[in-house]
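Residues 21 to 375 in the working numbering are what the sequence shown spells out, letter by letter.
Quick reminder that beta carbons are idealized off the backbone N, C-alpha and C, glycines included.
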Amino acid sequence: MMAGATFLIGVLPTHETIGVLAPILLVILRAVQGFSSGGEYGGAATMMAEYAPRNRRGFWGSFLEFGTLAGFALGSLIVLLGELTIGNEAMMEWGWRVPFLIAGPLGIVGLYLRSRLGESPVFEEMDEKSADEGSTGKVFGSLFKDHWQQMLIMTGLVTAVNVVNYTLLSYMPTYFEKSVELSSQTTLTIMFLAQFGMMLLMPVGGLLSDKFGRKPMWAFSMIGLIVASVPMYLIMPNGFGFALLGIFVLGVLYIPQLSSISATFPAMFPTQVRYAGFAITYNVATATFGGTAPSVNEWLIGKTGSPLVPAFYMMGACVIGLIATLCMKETAGATIRGNQLPEVGVEAKFEADAK
């Protein structure tokens with residue numbers, strides 16, 4: 021669905037051709053993109069967590085966001101190369117379609133790979149016992165009755181992770197061009213270099229979360245972003261080098277969160293409600309706080325005239341995230357098998373009960 025909708029945007033007729041139908045179709049296709057991404061993201065993260073060895077969940081899970089950043093970096097590079105080769109005017113006229121059309125063949129490859137994937141051993145183990153543990157509706161209801169605390173904590177974490185995500189990765193091109201007054205090509209170069217550098221460091225962040233735990237990594241990231249956001253935004257207007265340094269420092273401080281999403285969030289719920297708990301909490305919090313961040317930042321800058329708005333907005337989100345981090349349980353190395361809440365130190369009990 022994601023690839024299909026993206027490809028169709030690339031071939032969408034203009035307003036001059038089909039009139040008001042063009043923006044209507046664009047909104048519909050963008051909605052399909054959002055629904056497909058929201059529906060699949062939780063499942064992808066959960067599957068990676070359930071397949072990975074429990075002591076390497078952070079490392080293997082980091083490749084989900086490695087792929088996300090690869091997409092961001094590739095998109096920035098394609099647009100940059102387009103502007104350098106055919107010019108900004110041609111890019112605005114027809115060249116913008118090229119990145120969307122690339123989704124077609126990528127979608128075919130993705131569909132082939134997806135069709136070859138089976139359920140994870142953890143899910144199949146649970147599914148064999150599901151008939152004895154109640155209906156799907158009953159299990160789904162237990163999510164809100166028995167696991168609302170985990171959902172509340174995850175909401176705080178997702179608020180932080182996606183306010184920072186949408187601010188740094190989605191809004192910054194607009195910020196650089198409007199508030200810092202950099203050219204489009206300079207902005208694209210900065211974004212590509214920052215995104216590519218973050219991508220390369222993603223597995224390192226995952227490994228460190230396996231070694232030191234999720235809570236210390238998330239706490240370090242939250243505190244680091246709270247402390248560094250204003251100084252980095254203060255130096256960004258001083259030219260290419262400072263703009264790149266500012267966003268890259270903030271990106272590196274963000275990596276401990278982003279790299280361990282797949283290891284942290286699925287482990288907050290037991291198997292029977294894991295997918296539902298992850299998907300519902302993540303998507304509601306993302307739509308409410310993360311997806312609105314670019315618009316809120318732009319509106320607040322217009323109202324206040326302060327270029328530091330994104331820094332303060334990220335700081336506020338990270339304060340919420342830090343409180344949630346202090347409340348969550350450490351799950352690095354814990355088993356996520358079975359119907360009990362994952363927690364460090366319960367592996368022996370689970371294995372004894374399984375015998």
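Under the three-pair Cβ rule at 8 Å, the region 173-190 counts as touching the region 294-313.
Pairing L101 with Q215 gives a Cβ-Cβ distance that is not under 8 Å. Remark: fewer than three beta-carbon pairs, one from each stretch, lie closer than 8 Å, so the region 199-213 and the region 230-248 are not flagged as touching.
With respect to the C-alpha of L227, the residue from A283, H35 and M192 having the closest C-alpha is A283. Straight-line spacing of the CA atoms in S204 and K349 works out to 44 Å. For G261, the enclosing alpha helix (DSSP H) stretches over residues F260 to L278. Rounded to whole angstroms, the Cβ separation of F285 and A65 is 6 Å, and the two are in contact under 8 Å. One alpha carbon belongs to K158, the other to I356, and they sit about 21 Å apart. DSSP, read as helix, strand or coil, puts E318 in helix.
Residue environment analysis places E113 among the exposed positions, since fewer than 16 neighbouring C-beta atoms fall within 10 angstroms of its C-beta. Taking C-alpha positions only, L221 is separated from L177 by approximately 21 Å.
Note on the region 198-254: whole alpha helix (DSSP H) runs with a minimum of 4 residues are 204-232, in chain order. For S326 against E85, the beta-carbon gap comes to about 30 Å, at or over 8 Å, which does not count as contact.
Around the beta carbon of Y132, fewer than 16 other beta carbons sit within 10 angstroms, so the residue counts as exposed. For E85, the three-state secondary structure derived from DSSP is helix. Counting only runs of 4+ residues, the alpha helix (DSSP H) found wholly inside the region 88-142 occupies 117-121 and 123-135, in chain order. For L245 against L270, the beta-carbon gap comes to about 7 Å, under 8 Å, which counts as contact. A distance below 8 Å separates the beta carbons of F120 and I29.
Our two residues, G107 and L208, have alpha carbons roughly 14 Å apart in a direct line. For Y333, the enclosing alpha helix (DSSP H) stretches over residues V329 to C347. Within its own chain, the residues whose Cβ lies closer than 6 Å to the Cβ of L97, once the five positions on either side in sequence are excluded, are F212, listed in chain order. In the structure shown, the three-state DSSP call for P290 is coil. For I29, the enclosing alpha helix (DSSP H) has its first and last residue at M22 to G30. Here V178 carries a helix assignment [DSSP, helix/strand/coil]. Within the same chain, Y186 come within 7 Å of G311 by CB-CB distance, once the 5 residues on both sides are set aside.
E36 and A42 have their C-alpha atoms some 9 Å from each other. Boundaries cannot be given for E350, as no alpha helix (DSSP H) includes it and DSSP labels it neither H nor E.
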